[in-house]
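**Student:** Each residue of the sequence shown is one higher than the one before, starting from 10 at the first, in the working numbering.
In this text, a Cβ means the ideal position worked out from N, Cα and C, and glycines have one as well.
Predicted, not measured: the structure shown is a model, and the values here were computed from it.
My questions will all concern the structure given below.
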Amino acid sequence: MAMIFLGGSRDIIELPPPAVERIGAIVAQEHGVLIGDAPGADAEMQGLLAGYSYEHVGVFHAGAEPRNNLGDWAAYHIPPPDGAKDFAVHAEKDREMARRADFGLMVWDGASPGTCLNILRLTGIGSPCVVYDMMRGKAATVHTIADARAMLASAGDEVRRAVAARMSDDERLALSE
10 MAMIFLGGSR
20 DIIELPPPAV
30 ERIGAIVAQE
40 HGVLIGDAPG
50 ADAEMQGLLA
60 GYSYEHVGVF
70 HAGAEPRNNL
80 GDWAAYHIPP
90 PDGAKDFAVH
100 AEKDREMARR
110 ADFGLMVWDG
120 ASPGTCLNIL
130 RLTGIGSPCV
140 VYDMMRGKAA
150 TVHTIADARA
160 MLASAGDEVR
170 RAVAARMSDD
180 ERLALSE
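Below is the structure:
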């Protein structure tokens, strides 16, 4: 059973039909799902999986309890580092899901630095990621760091700066190699 990291932008309130179909295929093939607890794409994906009554799901959260766990699945608390604020509160749980994943599926609004960084994390460790880019209306599989760099280049200066600000030194090094 492959482990699939599902995620996406918090501003996504409706999944694109190809992503819905792909999640249906994940369920049909009985792959394991690693998913966060955020509103937006995470919650939409959780709702879809709960509708299937799918059991092979782990919900990762940084807070004391998951913000969303729509299928009452196993929850994995990944505490943030002491003093973490804002995006840094959730970064360690995202890193853990990427580490455990064989593949990724991200629904990206074309602007979210967190989703972009998760794509980079996956490809940085050799795990391909299917990306549904809602802003540009296209889907692509990001296989390599070069693919991830090209995706990041198309995102614009503001997104690139936000991604760079959120990267760990290890992530920055992996992207530069």
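1. Count the other CB atoms within 10 Å of the CB of Arg181; is the residue buried (16 or more) or exposed (fewer)?
2. Rounded to the nearest angstrom, what separates Glu53 and Thr124 at their Cα positions?
3. Do you know how far the Cα of Gly45 is from the Cα of Met144?
4. How many angstroms separate the CA atom of Leu161 from the CA atom of Arg170?
5. Residues in its own chain within less than 6 Å of Trp82 by CB, not counting five upstream and five downstream?
6. Buried or exposed for Met106, going by 16 or more other Cβ atoms inside 10 Å?
7. Could you check which residue in Ile32, Arg31 and Ala47 has the C-alpha nearest to that of Gly17?
8. Does DSSP classify Met12 as helix, strand or coil?
9. Looking at the strands, I want to know which residues DSSP matches up with His86.
10. Tell me the residue span of the alpha helix (DSSP H) that contains Ile128.
11. So is Met10 buried or exposed if we call it buried at 16+ other beta carbons inside 10 Å?
12. Tell me, please, whether the segment 15-31 touches the segment 117-137 by the rule of three or more beta-carbon pairs shorter than 8 Å.
13. Tell me, to the nearest whole angstrom, how far the beta carbon of Ile134 is from that of Arg108; I am working on the premise that it is less than 8 Å.
14. Name the DSSP beta bridge partners of Lys147, please?
**Tutor:** Walking through what the data contain:
1. As a first step, residue 181 must be located in the sequence shown, where it is residue number 172. Under this definition Arg181 is an exposed residue.
2. For this step, residue 53 is matched to residue 44 along the sequence shown. For this step, residue 124 is matched to residue 115 along the sequence shown. C-alpha separation (whole angstroms): 15 Å.
3. Along the sequence shown, read from residue 1 onward, the residue named residue 144 stands at position 135. Along the sequence shown, read from residue 1 onward, the residue named residue 45 stands at position 36. If you take the alpha carbons of Met144 and Gly45, they lie about 22 Å apart.
4. As a position in the sequence shown, residue 161 is number 152, starting the count at 1. As a position in the sequence shown, residue 170 is number 161, starting the count at 1. Roughly 10 Å separates the two Cα atoms.
5. Here residue 82 refers to the residue found at position 73 of the sequence shown. Counting only Cβ-Cβ distances below 6 Å, and skipping sequence neighbours, we find Val66 and Val68.
6. The residue you call residue 106 lines up with position 97 of the sequence shown. Buried, since its Cβ has 16 or more Cβ neighbours within 10 Å.
7. Start at 1 with the first residue of the sequence shown, and residue 17 comes out as number 8. Per the Cα distances, Ala47.
8. Here residue 12 is taken as the residue at index 3 of the sequence shown, counted from 1. The answer is strand: DSSP assigns Met12 an E or B state.
9. On the sequence shown, residue 86 is found 77 positions in, with the first residue counted as 1. Bridge partners of His86: His70.
10. In the sequence shown, residue 128 corresponds to position 119, counting from 1. Pro122 to Gly133 is the extent of the alpha helix (DSSP H) around Ile128.
11. Numbered from 1 along the sequence shown, position 1 holds the residue referred to as residue 10. Looking at its Cβ environment, which holds fewer than 16 other Cβ atoms inside 10 Å, Met10 is exposed.
12. yes
13. Sequence index remark: in the sequence shown, residue 134 carries index 125 (1-based). Sequence index remark: in the sequence shown, residue 108 carries index 99 (1-based). Going by Cβ atoms, the distance from Ile134 to Arg108 rounds to 7 Å, so yes, they are a contact pair.
14. In the sequence shown, counting from the first residue as 1, residue 147 sits at position 138. According to DSSP, which records beta bridges pairwise, Lys147 is partnered with Asp142.
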